[in-house]
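Since the structure comes first, as structure tokens, the remarks are kept for the end.
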Amino acid sequence: MDRVYNFSPGPSQLALPVLEKAQKEMLCYGSTGMSVMEMSHRSKMYTDIYDQTVADLKELMAIPEDYEVVFLQGGATQQFSAIPLNLMVNKKADYIDSGNFAHLAAEEAKRYGQVNVVASSREDTYTYIPDVKGIAFTPDADYLHITQNNTIYGTRYVDLPESSAPLVCDASSMILSEEMDVSKYGVIYAGAQKNIGPSGLCVLIVRKDLLGRTMDICPKLLNWQVQVEKGSMYNTPNTWGIYVAGLTFQWLKEQGGVAAMEKINIEKAALLYDFLDNSKLFKATAQPKYRSRMNVTFITGDPDKDAAFVKAAAGAGLANLKGHRSVGGMRASIYNAMPLEGVQKLVAFMKEFEAQNA
Ligand SMILES: *Cc1c(COP(=O)(O)O)cnc(C)c1O
């Protein structure tokens, strides 16, 4: 059975060398005589893997000294709760609503304090990022939350909002795909299953001065300071997930790091959008200025043709192109692990389909 080009939004395609290395080391890691899955998380053999993984992420993202990195469980969604629980001192926070996950994050935070949605594109089905200039931020907000790439709608921030409150960023579907100036953020978090590794894992990057603001009611497992002090090991972490994340980080370093990936990602996205903009059948749905480089959303305008396309593409080894159930149409998720050839093959297939169906 040949591997397909998998355009799934998440869990998504992993780089083949990462899977091959994990396969090679599956039964016996190095000279340990056991699988990574069978190691004590407190053993030296495992803490070496953990330390290297953290060090590689710090290197890849040029994370400054005054930030901590931890690997948490519960995906990005768990952090929708952990963020207010760890940061709401004044019990007030600003949220920009740019998509479904942004909306869910704001809704969850409402359990713990006052949430001000200071800008939103919800009324326009999230086809753009709200203009970040001229937003009236809440003066004593504990933080401002954004979702930098909107996985379902295929939009991304071009400029960051400038609030005086710490910027908290859900980077799930864009982390490591483009350079980020970490010093502009208070917190960056990302579910792993898009650009990093297996699901169930969440990377959290937090500025040290934001630790220790935790509400008394915060469950201990969600307490960032506890997790930082325990090196992500207050309880047994997702040892296998962290190991695979580490393999992805090594692979990224071999590719030339984030700057090199960003270049390829721009090329991949341009190839697809250029085709869409000139197509007689397909049309991109996100406003051009805010188009995502990771999730490319498009339609034919005819749901039957959309369905026929998704089915035919799957038959040609181009899998998971169906759009999110809430919006329909198509979505090609082209994260770091999707090679340029995968996008070229998709565009060639779309041309063929167009010729037969326009
Ligand atoms: C996938 C995704 C999530 C949800 O991640 P889980 O790991 O399933 O909790 C949250 N935010 C964004 C932007 C996502 O793309």
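So in this note's numbering, spot 133 of the sequence shown is number 135, and the numbers just go up one at a time.
Heads up, the beta-carbon is just placed ideally off N, CA and C, and yes, glycines get one too.
{"Check": "Three-way DSSP call (helix, strand, coil) for residue 209 in this model", "Outcome": "strand"}
{"Check": "Proximity winner among 218, 68, 250, 360, relative to residue 280 (alpha-carbon distances)", "Outcome": "360"}
{"Check": "Exposure label - residue 179; buried when at least 16 CB within 10 Å", "Outcome": "buried"}
{"Check": "Inter-stretch contact (C-beta, 8 Å, three-pair minimum) for the stretch 141 to 152 and the stretch 220 to 229", "Outcome": "no"}
{"Check": "CB of residue 100 within 8 Å of CB of residue 137, strictly", "Outcome": "no"}
{"Check": "Selected residue, minimal CA-CA separation from residue 351, among 321, 325, 337, 51", "Outcome": "321"}
{"Check": "Continuous beta strand (DSSP E) stretch holding residue 69: start and end", "Outcome": "69 to 75"}
{"Check": "Test item: CB-CB of residue 196 and residue 12 under 8 Å", "Outcome": "yes"}
{"Check": "Buried versus exposed, by CB contacts within 10 Å (16 or more), residue 42", "Outcome": "exposed"}
{"Check": "C-alpha distance - residue 188 paired with residue 86, whole-angstrom precision", "Outcome": "13 Å"}
{"Check": "The stretch 259 to 275 / the stretch 326 to 342 touching (three or more Cβ pairs under 8 Å)", "Outcome": "yes"}
{"Check": "Segment limits, beta strand (DSSP E) that includes residue 172", "Outcome": "169 to 172"}
{"Check": "Distance, residue 270 Cα to residue 298 Cα", "Outcome": "10 Å"}
{"Check": "Buried/exposed call for residue 64, threshold 16 Cβ in 10 Å", "Outcome": "exposed"}
{"Check": "Residue nearest to residue 301 in terms of C-alpha spacing, selected from 318, 277, 202, 22", "Outcome": "277"}
{"Check": "Whether residue 38 touches residue 241 by CB criterion (8 Å)", "Outcome": "yes"}
{"Check": "Coil, strand or helix - residue 6 by DSSP", "Outcome": "coil"}
{"Check": "Cutoff 6 Å; reference residue 318; Cβ partners in own chain excluding five residues on either side", "Outcome": "351"}
{"Check": "Own chain, CB closer than 8 Å to residue 133, minus 5 neighbours either side, in chain order", "Outcome": "121"}
{"Check": "Of the listed residues 311, 345, 249, 75, nearest to residue 20 (C-alpha basis)", "Outcome": "249"}
{"Check": "Among 57, 31, 32, 62, nearest to residue 258 - alpha-carbon criterion", "Outcome": "62"}
{"Check": "Environment of residue 157 [buried if 16+ CB atoms lie within 10 Å]", "Outcome": "buried"}
{"Check": "Ligand 1 heavy atom lying under 7 Å from the CB of residue 172", "Outcome": "yes"}
{"Check": "Supposed close pair residue 349, residue 274 - CB separation, criterion 8 Å", "Outcome": "6 Å"}
{"Check": "8 Å Cβ cutoff, residue 342 in contact with chain B", "Outcome": "This model lacks chain B altogether, as it is built from one protein chain only."}
{"Check": "Residue environment, residue 208, which counts as buried when at least 16 other CB atoms sit within 10 Å", "Outcome": "buried"}
{"Check": "Residue 149: CB within 7 Å of a non-hydrogen atom of ligand 2", "Outcome": "Of the ligands one can find in the structure shown, namely ligand 1, none is ligand 2."}
{"Check": "Contacts around residue 6, its chain only, beta-carbon distance under 6 Å, and the 5 residues preceding and following it disregarded", "Outcome": "319, 321"}
{"Check": "Short Cβ contact (8 Å threshold) for residue 296 with residue 90", "Outcome": "no"}
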